[in-house]
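Letter 255 of the sequence shown, counting from 1, is numbered 256 in this note's numbering, and no numbers are missing.
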Amino acid sequence: MLDPLLIAELAALGLVTGFFAGLLGIGGGMILVPFITFILSHRGISADLAVKMAIATSMATIVFTSISSVRAHHRRGVVRWDLVARLAPGIVLGAALAGAGVFRIVQGRWLALLFAAFVAFSATQMLRGSKPSAHRSLPGPGGQFAAGGLIGFLSGLVGAGGGFISVPFMTWCNVAMHQAVATSAALGFPIALANAVGYIWSGAQVAGRPAGSLGFIFLPALAVIASASVLMAPVGVRVAHALPVSTLKRVFALILYGLAAAMTYEAWSG
């Protein structure tokens, strides 16, 4: 399956993904999943399996993209490591439940529709532009553990790095937008790692996977996309810190609406 055209497609996808991962702290998964689904389904993989492999491969690339992105954000001193420490335990638990259990039994069509629904919801929240209450703050340790669990679980089902939930959640709690984006990038690593392990385990015995698969992860695509995306993530970070917050929110929302529409179409047409 790894012909020169496919390599070129995956490399271009990786460059775009890395840029937006750095720009918006979304891990790139919401960009990768629709395109990998399209690529695999048009190369003979069943629609149900293509969606699951796209989600798993997308999540695996975030392991690498998040490292590159968060290093660039950390150098600018905007990562809230205190939030990372409090959200990460719940994230790992939620991701493990999704990646190793629920993911295998849910049909690919419903995963695609769930992906589209949450992406569209996130876009709407960003475009509304409503300012949080001046007195609203992050919940206590128990509330942050629960929030992390929800972020990890939903991220595991849709193959995104969590930014589509964690960025709106943190900005709703009066965390500055640039800090929310940077912290979301840091949270992408535990989300991706926990889910990748679950996808490998749950997909190990599934029939119909192409050669080069490790569980639900398509390793050739992972290698090409991760290599390209790591190069572009720091560029996205530099652009993010040069743009005003309002522009970041509009860019984020418009991209999410387009991807939600693409996945809805893919789900019903498949």
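For every residue, glycine included, the Cβ atom is placed at its ideal position computed from N, Cα and C.
Note that the structure is predicted; figures quoted are calculated from it, not measured.
Beta-carbon proximity list for residue i, same chain, < 7 Å, skipping 5 on both sides
{"i": "Leu194", "result": "Val64"}
{"i": "Thr265", "result": "Leu114, Ala117"}
Beta-carbon proximity of residue i to residue j, cut-off 7 Å
{"i": "Val52", "j": "Thr38", "result": "yes"}
{"i": "Ala181", "j": "Val168", "result": "yes"}
{"i": "Gly150", "j": "Gly189", "result": "no"}
{"i": "Leu98", "j": "Phe154", "result": "yes"}
{"i": "Ala187", "j": "Val71", "result": "yes"}
{"i": "Ala229", "j": "Ala12", "result": "yes"}
{"i": "Ala89", "j": "Pro191", "result": "yes"}
Three-state secondary structure (DSSP) of residue i
{"i": "Leu244", "result": "coil"}
{"i": "Ser138", "result": "coil"}
{"i": "Phe217", "result": "coil"}
{"i": "Asn196", "result": "helix"}
{"i": "Pro235", "result": "helix"}
{"i": "Arg81", "result": "coil"}
{"i": "Gly91", "result": "helix"}
{"i": "Gly209", "result": "coil"}
{"i": "Ala113", "result": "helix"}
{"i": "Gly189", "result": "helix"}
{"i": "Ala177", "result": "coil"}
{"i": "Gly153", "result": "helix"}
Own chain partners of residue i with C-beta closer than 6 Å, once the 5 adjacent residues on each side are dropped
{"i": "Phe219", "result": "Met54, Thr58"}
{"i": "Met171", "result": "Ala181"}
{"i": "Ile256", "result": "none"}
{"i": "Ala177", "result": "none"}
{"i": "Ser69", "result": "Val231, Ala234"}
{"i": "Phe217", "result": "Lys53, Met54, Ala57, Tyr200, Gly204"}
{"i": "Arg81", "result": "Gln180, Thr184"}
Cβ-based neighbour list, residue i, same chain, cut-off 8 Å, excluding 5 preceding and 5 following
{"i": "Leu33", "result": "Leu14, Thr18, Ala55, Thr58, Ser59, Thr62, Gly160, Ile226"}
{"i": "Arg87", "result": "Pro142, Gln145, Phe146, Gly149"}
Length at least 4, wholly inside the region 3-79: the alpha helix (DSSP H) runs in chain order:
5-25, 30-42, 48-76
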